[in-house]
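Using the numbering used here, the letters of the sequence shown correspond one by one to residues 723 to 1284.
Cβ atoms here follow ideal geometry from the backbone N, Cα and C, with glycine treated the same way.
Only a predicted model underlies this, so the values are computations on that prediction, with no experimental measurement involved.
To keep things clear, I will list the structure first and then write my remarks on it.
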Amino acid sequence: MLRFKGILSVYVIICFLLFSGVSMAEEAKAVPIDKFQEQINSLDNQIKAQNKNSEKFKKIVIDQQEQIKSLKKNLNRVYKQTIEDTGQIEVQQQTAGDLKQTVASQQEEIDKLKSNLAFVYKQTIKDTGMIEKYKLGNEVYMRSSYYDLQRDDVLFSDGTTDDEYENSFVNYLDLKFTAEPSDELQFNATLTMYKLWGTWNSPESVRSSDFNYSSTPSDSGVKVKRAYVDYRPQWLGQQVNLTFGRLPTSDGYLTQYRYNRPSQTSYPDLAFNAESDGAAFTFYFNNVFAKSFNLVYARSEDDTDMYPFKTDSEGLEDIDFYVAQFNSDLFFLDNSVFTLQWLRVDNIRMTGDDVLRDSIDDYNMIYGQVLGVAPSVTDLVFPQELGYVDKFTVQLNNDLLLDGPIDFFASVSWSKSHPNGDQVTANNMPSNIQGAIDSLYLLSSDNQDSQSGWAFYTGLRYNIESKLLRNPKVGVEYFDGSEYWVGLDIAASDPYQKLNTRGSVWEIYWVQPCVENILQFRTGYQMIDRDYTESVMAGLYGAPNKTDEEDSLFYFSLEFIF
């Protein structure tokens, strides 16, 4: 390196001298030696700087060579990975082909589902339109109850008394359907099941089964309790309504408090609680004194069904029911309903005549023909009717009395029998059968004398405002009936049918909501003090007998209302 520097220095000096000579020859001037030394030093510095840059370049080249080696390694690795991935890609491509076929098949299924959904959607819209158009609706009332019944000093027909005890579980179901196909028409139907747990039997009696066929515990069959149509024509300003079918005359209006469910009828409880077939007119008024006026006709056939549309030689008169009822909202008392009703039960025939005929036939065959120990009963004639009964009923109820937490109701009813004096006639009638016949006359043992009766029914229900307890209700009811009271509370579902009592009844109860207004628990206790016995058909037949019977009833019930 030093040698190279020396040669370079001599070369520079020579060049300098040559150029200097030319310059001096041209300019004829002398150049100082220190100028040459400065130039030599400057060139030497430039050479040193270039050497330094050369070292840097060498390092850069070495680093780049290292990077190239690293890149080659990475490229080899990438190449190998690419070869491996290429094999996987081929596998994946095959799998992708299979997936395409699966997707195509699923797409076909999706297209089918879309088509089905479109159909269901259209059908749903159609059905929804029908529901909205015809206002289709349904309600469910289901309860499972336990009854514990104790009867003390029960009076039997032979004059003896004894105590009785029974308990039972029952299921009760109401399925209610409604429809309004037009502004003038409304349809209502209620299907009912009422049965004891674990039983499968049918009512044996045909004497009054049509009055309470679905209100007496029997089998698990569903019966038609109500099925009627309301026709309220617009051409009459919808001021008149015609109702026909199986009428809503059962369950009682005031039971809405004790059972804590909407009322199923508009007829007073003390007047008539029975299932009936017939027709009714309702006239509506627009004034503060009168709300509506009802005229009702219903019928009970006496038919053996052997010839349903022909005259039955053994059939008696049909019982006819006539009702005139006035309804009003008392203008001076908010949330009140006031009702006046007149009821006539006309052409009252002797009930159970078919059973009596069978008993007489058996008596004639055994004692007259077989044993020959007694003359046969001959010339048996039943009266076509026994007379009629009138009832007058006044009823008032008020929810949230005077804007307070108490619901109140009260009702008074008066009944009077009008027997026609006709009796069963026959030759050689045995005394035991005669005794049975005497118990089936109109409110007497001989169908001669007219009798009057009355009843009073009232109750309070307190609405407890408690979010913690879900606003339960507690109530008390009192009933009192006279010696000749005719209750006609035939379709009541409570075991004792307390409104037929000839005596007094106290009842207390608690209603506990569980899930809003859908599920509730009810429990209560009845105390009955009977002064006189009841007879067939809720006191309509037979003379009452003095008694001192005391009954009690404890119950609890789970109820679903939706």
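Distance cut-off 7 Å: residue i Cβ against heavy atoms of the ligand SAH
| i | result |
| --- | --- |
| L1017 | What this structure holds is no ligand at all, so the ligand SAH is not there to describe. |
When the options are compared against residue i, the one with the closest alpha-carbon
| i | options | result |
| --- | --- | --- |
| I1283 | Q961, Q978, S1215 and S972 | Q978 |
| Y1110 | S1139, G920, N860 and Q1242 | S1139 |
| P1141 | S1174, N1119, I1155 and K1013 | S1174 |
| D1125 | D1101, I1186, Y1231 and N1057 | N1057 |
| S1188 | F1005, P1152 and P1127 | P1127 |
| T987 | K917, P970, F1043 and E997 | P970 |
| F1276 | N889, A901 and F878 | N889 |
| L1210 | N796, W919, K1113 and D820 | K1113 |
| G1000 | V944, Y1044, Y975 and L1162 | Y1044 |
| L1182 | A1213, S792, F1130 and E1039 | F1130 |
| P1235 | S1279, S1204 and P1266 | S1279 |
| Y975 | P984, Y1263 and Y1247 | P984 |
| D1273 | T824, V1258, E1238 and P1217 | P1217 |
| T1061 | Q1117, D1040, A1020 and N1008 | Q1117 |
| W919 | G881, S866, F1003 and W1207 | S866 |
| S1172 | L1262, Q823 and T824 | L1262 |
Residue interval of the beta strand (DSSP E) (run including residue i)
| i | result |
| --- | --- |
| R1079 | First-last for R1079: D1075 to Y1085, but that is the alpha helix (DSSP H), not the beta strand (DSSP E). |
| A911 | L907 to L918 |
| T965 | V962 to L969 |
| G1315 | Residue numbering for the chain in the displayed model covers 723 to 1284; residue 1315 lies beyond these limits and cannot be assessed. |
| V1269 | At residue 1269 the sequence reads Thr, which differs from the Val that was named. Start and end: K1268 to I1283. |
| Q1248 | L1241 to Y1254 |
| T1115 | G1109 to N1120 |
Cβ neighbour criterion (16 or more within 10 Å) applied to residue i
| i | result |
| --- | --- |
| A752 | Low per-residue confidence applies at A752: pLDDT is 45, beneath 50, and the placement is therefore not dependable, though the value from the model is reported in the following sentence. A752 comes out exposed. |
| Q816 | exposed |
| A1260 | buried |
| A750 | Because the pLDDT at A750 is just 40, under 50, the model does not fix this residue reliably, and the value given afterwards should be weighed accordingly. Flag for A750 reads exposed. |
| G743 | With a pLDDT of only 45 at G743, under the threshold of 50, the placement of this residue in the model should not be trusted; the figure read from the coordinates follows. G743 comes out exposed. |
| K1268 | exposed |
| N767 | exposed |
| K917 | buried |
| D1075 | buried |
| G1264 | buried |
| N963 | buried |
Sequence-distant residues of its chain with Cβ nearer than 6 Å to residue i (five each side left out)
| i | result |
| --- | --- |
| E1271 | D875, V876 and R1252 |
| T1180 | A1132 and Y1200 |
| S1115 | Reading off the sequence shown, one finds Thr at residue 1115, where the question assumed Ser. P990, L992, A993, Q1063 and S1135, listed in sequence order. |
| D896 | Y863, T912 and T914 |
| E861 | K898 |
| V1059 | N1119 |
| Q908 | E902 and D952 |
| S937 | A1213 and S1215 |
| S1204 | G1175 and W1176 |
| D674 | The question about residue 674 has no answer, for the chain in this structure spans 723 to 1284. |
Beta-carbon contacts of residue i that lie in its chain and below 7 Å, excluding the five residues immediately before and after
| i | result |
| --- | --- |
| V1233 | N982, P1194, K1195, Q1242 and R1244 |
| S1040 | The residue you asked about is not Ser; residue 1040 is Asp in the sequence shown. The answer, listed in chain order, is R1021, S1022, E1023, D1024 and N1069. |
Unbroken alpha helix (DSSP H) run spanning residue i, endpoints
| i | result |
| --- | --- |
| D1160 | S1153 to D1160 |
| A1260 | V1258 to G1261 |
| Q1145 | It is not in any alpha helix (DSSP H) - Q1145 carries neither H nor E in the DSSP assignment. |
Residues of its chain near residue i, where Cβ-Cβ distance is below 8 Å and the 5 sequence neighbours each way are ignored
| i | result |
| --- | --- |
| S1081 | I1155 and A1158 |
| K770 | none |
The stretch 1250-1269 contacting the stretch 1214-1226, beta-carbon criterion three pairs below 8 Å: yes
Per the contact definition of three or more C-beta pairs closer than 8 Å, is the stretch 1048-1062 in contact with the stretch 1070-1082? no
Check whether the stretch 907-917 touches the stretch 948-964, counting contact only when three or more Cβ pairs, one atom from each stretch, lie closer than 8 Å. yes
Do the stretch 1145-1161 and the stretch 1096-1107 touch if we need at least three Cβ pairs shorter than 8 Å? yes
Would you say the stretch 1160-1169 touches the stretch 1192-1199, given that touching needs at least three Cβ pairs under 8 Å? no
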